[in-house]
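Peer 1:
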Amino acid sequence: MPITLLDIIVLAVMLLSGLLAMIRGFMREILSIAAWGTAALTTLYAYQKLLPTAKTYFNNDTIATVAVIAGVFLVTLIVVSIVTVRISDMILDSRIGALDRTLGFLFGLARGLLIMVVTFLFFAWLVPDKQQPDWVRTAKSRAVLQSTGDWLLSLLPDDPENTILKRFKKTKPDEDQQTDAVPDSNDGGYAKSARDGMKSLIDGKPVAR
1 MPITLLDIIV
11 LAVMLLSGLL
21 AMIRGFMREI
31 LSIAAWGTAA
41 LTTLYAYQKL
51 LPTAKTYFNN
61 DTIATVAVIA
71 GVFLVTLIVV
81 SIVTVRISDM
91 ILDSRIGALD
101 RTLGFLFGLA
111 RGLLIMVVTF
121 LFFAWLVPDK
131 QQPDWVRTAK
141 SRAVLQSTGD
151 WLLSLLPDDP
161 ENTILKRFKK
171 TKPDEDQQTD
181 AVPDSNDGGY
191 AKSARDGMKS
201 LIDGKPVAR
């Protein structure tokens, strides 16, 4: 089976990603991912606390939300990135710099493969097998992309959309519990003293005071 255009694209993307990661170093790549993750988590937990303050400056709630999310994310990403770059530069200049670059190259190869797997999954979802060009259906790398993509899909929950929505849904359990716990004082009819008084009036007896 000859090498097709898809095989060449996969190799090119993997090599390019590997070379870039080798130049940057393994620790810089890992710390870069950590910086993005830190910025995302910080935004997730901080924007609700800062949103009331932002609403005092913006009349539109949507604009206020976007401003808070973008501001917190960018500021956190910039600050953390400055720290991570200094750390990675120290590692590259140390004795383990060569090892760091070698690990970075391997990491870049894996990242390039992941990029191609995700791209192939979207392509296979949009284009049926019968409509795919020959250089895709007969590619040697197709089996690797398909098997890796199936493995990634098996890691996802059955309904990822609802799972994400449930995690980000704003709930107020404390208020709901208080609402459920407090009974309605108007339900259940008259009070006991009022019922006793009405019964005494019906029986013709004076009401005790």
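If you count the sequence shown from 1, position 78 lands on 78 in this note's numbering, and the numbers rise without skipping. A virtual CB, placed ideally from N, CA and C, is assigned to each residue, including glycine.
#1: What does a CB cutoff of less than 8 Å around Val-80 pick up in its chain, not counting 5 residues either side in sequence?
#2: Please report the straight-line C-alpha distance between Thr-42 and Gln-132, rounded to a whole angstrom.
#3: If I'm right that Ile-91 touches Gly-18 with Cβ under 8 Å, what's the distance once you round it to whole angstroms?
#4: Is DSSP giving Pro-132 helix, strand or coil here?
#5: Less than 8 Å between C-beta atoms, sequence neighbours within five positions excluded: which residues of the same chain meet that for Ile-9?
#6: Would the beta-carbon of Leu-20 fall within 8 Å of that of Gly-108?
#7: Would you identify the three-state DSSP class for Pro-52, choosing helix, strand or coil?
#8: Closest to Gly-97 by CA distance: which of Pro-2, Arg-142 and Ile-23 is it?
#9: Identify whether Leu-92 lies in helix, strand or coil by the three-state DSSP scheme.
#10: Between Pro-2 and Asp-89, what straight-line distance do the alpha-carbon atoms span, to the nearest angstrom?
#11: Please tell me whether Thr-65 and Leu-51 are closer than 8 Å, where the distance is taken between their beta carbons.
#12: Is the Cβ-Cβ distance between Gly-104 and Leu-16 less than 8 Å?
#13: In chain order, what residues of the same chain lie with their CB nearer than 7 Å to the CB of Asp-174, ignoring the 5 residues before and after it?
#14: Within the same chain, show all residues whose beta-carbon is closer than 6 Å to that of Arg-216, passing over the 5 residues directly before and after it, in chain order.
#15: What's the C-alpha gap between Asp-100 and Leu-114?
#16: Please classify Ala-139 as buried or exposed, where buried requires at least 16 neighbouring CB atoms within 10 angstroms.
Peer 2: Let me spell this out:
#1: Answer for Val-80: Ala-34, Ala-35, Thr-38 and Ala-39, listed in chain order.
#2: If you take the alpha carbons of Thr-42 and Gln-132, they lie about 42 Å apart.
#3: No, Ile-91 and Gly-18 are not in contact; Cβ-Cβ is about 18 Å, not under 8 Å.
#4: Checking the displayed sequence, the identity of residue 132 turns out to be Gln instead of Pro. DSSP places Gln-132 outside both helix and strand once states are collapsed to three, so it counts as coil.
#5: If we look at Ile-9 and ignore the five residues flanking it on each side, its Cβ neighbours are Met-116.
#6: Contact check for Leu-20 against Gly-108 passes: the beta carbons are separated by less than 8 Å.
#7: Under the three-state reduction of DSSP output, Pro-52 falls in the helix class.
#8: Of the listed residues, the one whose Cα sits closest to Gly-97 is Ile-23.
#9: Of the three classes helix, strand and coil, the one that applies to Leu-92 here is helix, per DSSP.
#10: CA-CA distance, Pro-2 to Asp-89, rounds to 43 Å.
#11: In this structure, Thr-65 lies near Leu-51, with their beta-carbon atoms less than 8 Å apart.
#12: The answer is no: Cβ separation not under 8 Å.
#13: Because Asp-174 sits at a pLDDT of 47, beneath the cut-off of 50, its placement in the model cannot be relied upon, and the point is left open.
#14: The question about residue 216 has no answer here: the residues shown for the chain are numbered 1 through 209.
#15: Looking at the two C-alpha atoms, the distance is approximately 21 Å.
#16: Buried, since its Cβ has 16 or more Cβ neighbours within 10 Å.
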